[in-house]
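Protein chains in written order, with this note's numbering: chain B, 6 to 271; chain D, 74 to 357.
By construction, the Cβ of each residue, glycine as well, lies at the ideal position given by its N, Cα and C atoms.
Just so you know, these numbers come straight off a predicted model, no measurement behind them.
See structure below.
So, in structure tokens, the structure goes:
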């Protein structure tokens, strides 16, 4: 193995440390500057939390990594977003392909109005995979990964809309995992859930970081402290502070950060 | 105290007034249907439906007109459905929300309000004369398709719009293209709504008379259409023809034909309501 090392492999192993990278990123909605120049590097196989008051640009920033802002009217971006060293905003980038690599979980559980099975299989089916045995295996595997299998194994053909909110959100995570992404973006994934469901999702996130790079937007400071390795504090479209979560929550460098995490504003 | 009492009284008065208004329409409709039934019901039998038109009222039937209506209905559906749904998908999912698209939007809504006889004139010029279809079933169907196209587009857009944005987000985030999202998520989820709109539009088309008279549909055809290029008549024209005759027997025929036409539209509306309810349950 060591003898076969070539530039390419060396190159990739270096980039592994920083899975995601933002270089001089600015975002505008028509004339409004939502993000005012951010440079940031996000480590692989870690959980990175984005915190900050509403409207600070953290969700917009998160959605840059799978280009979900592309369809928003008036959206314009400057700078570069790199995944494994590749600029995903280059012209020739296939957005559909990119999104298979970067999964996303939304604020409100948003299962498709279809069966549980169809929900999880959807991402694979749109890639043209028709092999029933393979699909079934992936569905089972994904549902087991999110610890939903035991609860739904007899109801795979039931509508996903009949599940509870917490189950729906875990289903949405399973759906994202089924296409085997390497990165998972989560936009306030527990804000619509009760405490019990929330703790289940948090446990899940903790397990998932073995295999995935996870970026999570949250309004819940305790949550950020509990589950994230790194935390970034955004304010008015700028990255104010970015550090190991332990450091940021116990001994922040900036006054603004301290004010926010101690609840003095926002 | 006094104030509360007068408020309650006003409340009661308005309630009664509201009930009266609602009943007025229903009662008039009931009287109309009742008198039609009294006049026409005795005339309806299998012979009436399967007989060709005749100069003698008691021998005349609606077969050719009914078949004409069926032909027109089927062809209109085939023409209007793909056009209307495709246009609606484009406007709702693909078109940029700019001035041009809002201009298109306003105009499509306006088209829905254009008197049907204008569509008849348009059809006469374009389909009958320029496209040389003659006064055929096909020309009539194209004309009616144009007439109901705005309704189909507007109702299809409403149905697609009713699918939550979160479904689109989820689909895109999994790597689906726009077309995959439309075909696999939006259309299935809005199917009931689209169908409801289409059926209601068609039930309007089946009652249209004016545009078909303009393009030259016949008031008397001794044969049912056998191809799309045949001449034809439809039920409303047959009714119009019979009602304008002096002999009393034809009035009975007209009443009977009205019952059949009403049955068809009620049936179509019933199907539309059925699908709407089923669809709402599925989404909720």
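- According to the DSSP assignment, residue 165 of chain B belongs to no alpha helix (DSSP H), since it is labelled neither H nor E.
- Cβ neighbours of residue 293 of chain D within its own chain (closer than 8 Å, five residues either side excluded): 126, 306, 314.
- If you check the CB distance, residue 186 of chain B and residue 108 of chain B come in under 9 Å.
- Listed along the chain, the chain B residues whose CB falls inside 8 Å of the CB of residue 245 of chain D are 73, 76, 104.
- By the Cβ criterion, the segment 158 to 169 of chain D is in contact with the segment 255 to 274 of chain D, since at least three pairs of Cβ atoms, one from each stretch, lie closer than 8 Å.
- In the structure shown, residue 180 of chain D falls within a helical segment according to DSSP collapsed to helix, strand and coil.
- When DSSP states are grouped into helix, strand and coil, residue 163 of chain D belongs to the helix group.
- Interface flag for residue 118 of chain D against chain B is unset, since no Cβ pair is found closer than 9 Å.
- Beyond the five residues adjoining it in sequence on each side, residue 113 of chain B comes within less than 6 Å, by CB distance, of 197 in the same chain, given in chain order.
- Taking C-beta separations shorter than 6 Å and ignoring five residues to either side along the sequence, the partners of residue 291 of chain D in its chain run 304, 306, following chain order.
- Residue burial is scored here from C-beta neighbours: residue 299 of chain D has fewer than 16 other C-beta atoms within 10 angstroms and is therefore classed as exposed.
- If you ignore the 5 residues before and after residue 266 of chain B, its C-beta comes within less than 7 Å of the C-beta of 226, 254, 257, all in its own chain and listed in chain order.
- In the displayed model, residue 140 of chain B falls within a helix according to three-state DSSP.
- Pairing residue 200 of chain D with residue 185 of chain D gives a Cβ-Cβ distance that is not under 9 Å.
- Here the alpha carbon of residue 155 of chain B sits roughly 26 Å from the alpha carbon of residue 131 of chain B.
- Under the three-state reduction of DSSP output, residue 81 of chain B falls in the strand class.
- Annotation: the segment 55 to 134 of chain B contains the following complete segments of the alpha helix (DSSP H) (minimum length 4 residues), in chain order: 63 to 67, 100 to 106, 121 to 130.
- In terms of CA proximity to residue 112 of chain D, D:325 leads the group D:335, D:330, D:325.
- For chain B, none of the residues of the segment 140 to 153 of chain D brings a beta carbon within less than 7 Å of one of its beta carbons.
- Closest option to residue 127 of chain B, judged by alpha-carbon separation, among B:177, B:39, B:65: B:177.
- Pairing residue 134 of chain B with residue 200 of chain B, the inter-Cα distance amounts to about 37 Å.
- Around the C-beta of residue 302 of chain D, fewer than 16 other C-beta atoms lie within 10 Å, and the residue is accordingly described as exposed.
- About 11 Å separates the CB atoms of residue 308 of chain D and residue 329 of chain D; that is not less than 8 Å, and the two are not in contact.
- Here DSSP, grouped into helix, strand and coil, assigns residue 290 of chain D to coil.
- In the displayed model, residue 276 of chain D falls within a helix according to three-state DSSP.
- Our two residues, residue 311 of chain D and residue 188 of chain D, have alpha carbons roughly 21 Å apart in a direct line.
- For residue 85 of chain D, not one C-beta of chain B is nearer than 9 Å to its own C-beta.
- When Cβ-Cβ separations below 9 Å define contact, residue 109 of chain B makes contact with chain D.
- As DSSP reads the structure, residue 47 of chain B sits in a beta bridge with B:25.
- In this structure, residue 247 of chain B lies away from residue 261 of chain B, with their beta-carbon atoms at least 9 Å apart.
- Neighbours of residue 115 of chain B in chain D, taken as residues whose beta carbon is under 8 Å from its own, are 237, 239, 240, 242, 243 in chain order.
- Sixteen is the threshold: since fewer than 16 other Cβ atoms of the shown chains lie within 10 Å of the Cβ of residue 343 of chain D, the residue is exposed.
- Among the residues facing chain D, residue 128 of chain B is included, as its CB has a counterpart in that chain under 9 Å away.
- Less than 9 Å separates the beta-carbon of residue 180 of chain B from that of residue 124 of chain B.
- Ranked by how close their Cα comes to the Cα of residue 106 of chain D, the residues D:339, D:351, D:352, D:346 have D:339 in first place.
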